[in-house]
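As you go down the protein sequences, you meet chains A and B in turn. All you need for the working numbering is the position in the first sequence, starting with 1, plus 747. All you need for the working numbering is the position in the second sequence, starting with 1, plus 385. The C-beta atom is built at its ideal place from N, Cα and C for all residues, glycine as well. Predicted, not measured: the structure shown is a model, and the values here were computed from it. Below is one structure, written out as structure tokens; comments come after it.
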Amino acid sequence: MDIQLKRGLLDVCVLAAIKDGESYGYKIIKDMKPYIELSESTLYTILKRLESASMLTVRTAEHDGRLRKYYRITDRGQKRINDFKQEWQEIVSIYKFVTKEGDGND
Amino acid sequence: MTKQEFLSELREGLSGLPREDIEERVNFYSEMIDDRIEEGLSETDAVLEIGTVESVVSHIIEDISLSKLVKEKIKPNRRLNAWEIVLLALGSPIWLSLGIAAIAVVISIYLSVWAVVISLWSVFASLVGSAIGCVFGGVLVMFGGAYLTGVALIGVGLFCAGLAVFAFFGCKAVTKGILKLTKKMIIGIKNYFVKKEDV
Numbered sequence: 748m749d750i751q752l753k754r755g756l757l758d759v760c761v762l763a764a765i766k767d768g769e770s771y772g773y774k775i776i777k778d779m780k781p782y783i784e785l786s787e788s789t790l791y792t793i794l795k796r797l798e799s800a801s802m803l804t805v806r807t808a809e810h811d812g813r814l815r816k817y818y819r820i821t822d823r824g825q826k827r828i829n830d831f832k833q834e835w836q837e838i839v840s841i842y843k844f845v846t847k848e849g850d851g852n853d
Numbered sequence: 386m387t388k389q390e391f392l393s394e395l396r397e398g399l400s401g402l403p404r405e406d407i408e409e410r411v412n413f414y415s416e417m418i419d420d421r422i423e424e425g426l427s428e429t430d431a432v433l434e435i436g437t438v439e440s441v442v443s444h445i446i447e448d449i450s451l452s453k454l455v456k457e458k459i460k461p462n463r464r465l466n467a468w469e470i471v472l473l474a475l476g477s478p479i480w481l482s483l484g485i486a487a488i489a490v491v492i493s494i495y496l497s498v499w500a501v502v503i504s505l506w507s508v509f510a511s512l513v514g515s516a517i518g519c520v521f522g523g524v525l526v527m528f529g530g531a532y533l534t535g536v537a538l539i540g541v542g543l544f545c546a547g548l549a550v551f552a553f554f555g556c557k558a559v560t561k562g563i564l565k566l567t568k569k570m571i572i573g574i575k576n577y578f579v580k581k582e583d584v
């Protein structure tokens, strides 16, 4: 898949994984697993990118005597998801055009 | 492989990265392993699921922008020693003045390029000025009775006006060209410092 497209899609996937509440790295990977396999290093890069784009915030909290990072979606991240839904409509109609069967009268 | 072994090998594999980056990534993987153990996996299995250190390292390096790696290469990865700081301070009359000279050269090139533009436009302005002056002067002189001089002055004025029209197009073209050139130069300098991110 086109790398730019894939990157954009994965960003939205990770945002979707935290849209219903704070989550942490391993849980994000687990939640996404039925839909898409994500490696730890890819997730790390995406989380960093989303954080610097202010689409999510990070906090470190103690869990079971160790530290864990929790990621929370921001309004901007929520907006990205909504934008994606809009964009997707366009992509679907482009897809329909691309895969359209010739109707014989050219 | 135990978690500790994995993490220390990872730290070693990432040694070309900035120190904070290494720590952050190692912590990230440590958390990932701990979360798997909490889920019920044995330590060995948890590490196994993450993958081999080599694959993780190569993945990370792939993801990191080239510029960051280069910067890390250039930057001394330890604090400067006291004597190095002293040397830097003592050497400052040399490197500082060289640096200032370099900046001055760049600025002076820039200024002299624009000086050319300004002087061209002032030629244009003086042509316009003399055109107007000569025509008006000629008319006045003619009213004063010196017809021949008046006609000559008006002729010179018209000639200047004609030259001014030519000069205007020339100046415009030169200014445009120089604007383009400086834009290109600035982009070139920027690219030199900020390499395109490859992530």
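Under three-state DSSP, which class holds glutamate 769 of chain A?
Translated into positions along the first sequence, residue 769 of chain A becomes position 22. Three-state DSSP puts glutamate 769 of chain A in coil, outside helix and strand.
Taking beta-carbon pairs under 9 Å, can you tell me which members of the region 814-827 of chain A lie near chain B?
Result list: Leu814, Arg815 and Lys816.
Given that glutamate 787 of chain A touches chain B, what residues does it touch there, using C-beta distances under 9 Å?
Translated into the one-based positions of the first sequence, residue 787 of chain A becomes position 40. Going along chain B in sequence order, the residues near glutamate 787 of chain A (Cβ under 9 Å) are Phe413, Tyr414, Met417, Ile435, Gly436, Val441 and His444.
Are the CB atoms of leucine 785 of chain A and tyrosine 818 of chain A nearer to each other than 8 Å?
Position 38 of the first sequence, counted from the start, is the residue given in the question as residue 785 of chain A. Position 71 of the first sequence, counted from the start, is the residue given in the question as residue 818 of chain A. Their beta carbons are not under 8 Å apart, which means leucine 785 of chain A does not touch tyrosine 818 of chain A by this criterion.
Work out the CA separation of isoleucine 492 of chain B and threonine 567 of chain B for me, nearest whole Å.
The sequence position of residue 567 of chain B within the second sequence is 182, counting from 1. The sequence position of residue 492 of chain B within the second sequence is 107, counting from 1. In a straight line, the C-alpha of threonine 567 of chain B is about 12 Å away from that of isoleucine 492 of chain B.
Please state whether the Cβ-Cβ distance between leucine 814 of chain A and leucine 762 of chain A is less than 8 Å.
As a working mapping, residue 814 of chain A is identified with position 67 in the first sequence. As a working mapping, residue 762 of chain A is identified with position 15 in the first sequence. Contact flag unset, no.
Below 8 Å CB to CB, which residues in the same chain sit around lysine 569 of chain B once its five sequence neighbours on both sides are set aside?
The residue labelled residue 569 of chain B in the question sits at position 184 within the second sequence. Hits under 8 Å: none found.
Going by alpha carbons, who is nearest to tryptophan 499 of chain B out of B:Phe553, B:Ile563, B:Pro478 and B:Gly514?
Counted from its first residue, the second sequence places residue 499 of chain B at position 114. Checked all of B:Phe553, B:Ile563, B:Pro478 and B:Gly514; the closest Cα to tryptophan 499 of chain B is B:Ile563.
To the nearest angstrom, how far is it from the Cα of serine 393 of chain B to the Cα of proline 403 of chain B?
By 1-based counting over the second sequence, the position of residue 393 of chain B is 8. By 1-based counting over the second sequence, the position of residue 403 of chain B is 18. Going by the C-alpha atoms only, they are around 16 Å apart.
For valine 805 of chain A and alanine 489 of chain B, what's the separation of their Cα atoms in angstroms?
Here residue 805 of chain A is taken as the residue at index 58 of the first sequence, counted from 1. Here residue 489 of chain B is taken as the residue at index 104 of the second sequence, counted from 1. Answer to the nearest angstrom: the Cα atoms are 45 Å apart.
Leaving out the 5 sequence neighbours to the left and right, which residues in its chain are closer than 6 Å to lysine 581 of chain B when beta-carbon positions are compared?
Along the second sequence, read from residue 1 onward, the residue named residue 581 of chain B stands at position 196. Low per-residue confidence applies at lysine 581 of chain B: pLDDT is 43, beneath 50, and the placement is therefore not dependable enough to give any value.
Within 10 angstroms of its Cβ, does phenylalanine 595 of chain B collect 16 or more other Cβ (buried), or is it exposed?
Outside the displayed span of chain B (386 to 584) sits residue 595 of chain B, for which this structure offers no information.
As a quick exercise: from A:Ile750, A:Tyr771, A:Val759 and A:Ala764, pick the residue whose alpha carbon is nearest that of glutamate 809 of chain A.
Working through the first sequence from its first residue, we reach residue 809 of chain A at position 62. Glutamate 809 of chain A has its Cα closest to that of A:Tyr771, out of A:Ile750, A:Tyr771, A:Val759 and A:Ala764.
Look at the alpha carbon of aspartate 749 of chain A and the alpha carbon of leucine 756 of chain A, and state the distance between them as a whole number of angstroms.
The sequence position of residue 749 of chain A within the first sequence is 2, counting from 1. The sequence position of residue 756 of chain A within the first sequence is 9, counting from 1. Approximately 11 Å between the Cα atoms of the pair.
So for glutamate 809 of chain A, helix, strand or coil by DSSP?
Start at 1 with the first residue of the first sequence, and residue 809 of chain A comes out as number 62. Correct three-state label for glutamate 809 of chain A: strand.
My understanding is that glycine 547 of chain B touches valine 520 of chain B, with C-beta atoms under 8 Å, so please give their C-beta distance in whole angstroms.
Reading the second sequence from its first residue, position 162 is the one you call residue 547 of chain B. Reading the second sequence from its first residue, position 135 is the one you call residue 520 of chain B. At roughly 12 Å, the Cβ-Cβ gap does not stay under 8 Å, so glycine 547 of chain B and valine 520 of chain B are not in contact.
Residues in its own chain within less than 8 Å of serine 415 of chain B by CB, not counting five upstream and five downstream?
As a working note, residue 415 of chain B is residue 30 in the second sequence. Closer than 8 Å at Cβ, skipping near neighbours: Lys388 and Leu392.
Taking CB distances under 8 Å as the criterion, tell me whether threonine 804 of chain A reaches chain B.
Residue mapping note: residue 804 of chain A aligns to position 57 of the first sequence, counting from 1. No, its Cβ sits nowhere closer than 8 Å to a Cβ of chain B.
Does the region 547-559 of chain B touch the region 508-517 of chain B, meaning 3 or more C-beta pairs lie closer than 8 Å?
With a cut-off of 8 Å, the region 547-559 of chain B and the region 508-517 of chain B count as touching, because enough Cβ pairs lie within range.
If you measure from the beta carbon of aspartate 583 of chain B to each beta carbon in chain A, is any gap under 8 Å?
In the second sequence, residue 583 of chain B corresponds to position 198, counting from 1. Summary for aspartate 583 of chain B: the model assigns pLDDT 42, below 50, so the residue's position carries little reliability; its value from the coordinates is reported in the next sentence. Chain A, which has no Cβ nearer than 8 Å to the Cβ of aspartate 583 of chain B, makes this no.
With DSSP as the reference, identify every bridge partner of tyrosine 818 of chain A, one or two as the case may be.
Within the first sequence, numbered from 1, the residue matching residue 818 of chain A stands at position 71. Paired residue(s): A:Ser770 and A:Val805.
Would you please state the rounded distance, in angstroms, between the beta carbons of leucine 505 of chain B and cysteine 556 of chain B? I believe it to be under 8 Å.
Reading the second sequence from its first residue, position 120 is the one you call residue 505 of chain B. Reading the second sequence from its first residue, position 171 is the one you call residue 556 of chain B. Indeed, because the Cβ distance is near 5 Å, the residues count as touching under 8 Å.
Which whole-angstrom value describes the C-beta separation of methionine 386 of chain B and valine 432 of chain B, a residue pair presumed to lie in contact below a C-beta threshold of 8 Å?
Here the question's residue 386 of chain B lines up with position 1 in the second sequence. Here the question's residue 432 of chain B lines up with position 47 in the second sequence. That pair is a contact at about 5 Å.
Looking at C-alpha atoms only, which residue of B:Glu424, B:Gly401, B:Thr429 and B:Arg396 is the closest neighbour of phenylalanine 413 of chain B?
On the second sequence, residue 413 of chain B is found 28 positions in, with the first residue counted as 1. Phenylalanine 413 of chain B has its Cα closest to that of B:Arg396, out of B:Glu424, B:Gly401, B:Thr429 and B:Arg396.
Does the beta carbon of arginine 410 of chain B sit closer than 8 Å to a beta carbon anywhere in chain A?
As a first step, residue 410 of chain B must be located in the second sequence, where it is residue number 25. True, the Cβ-Cβ gap to chain A drops below 8 Å.
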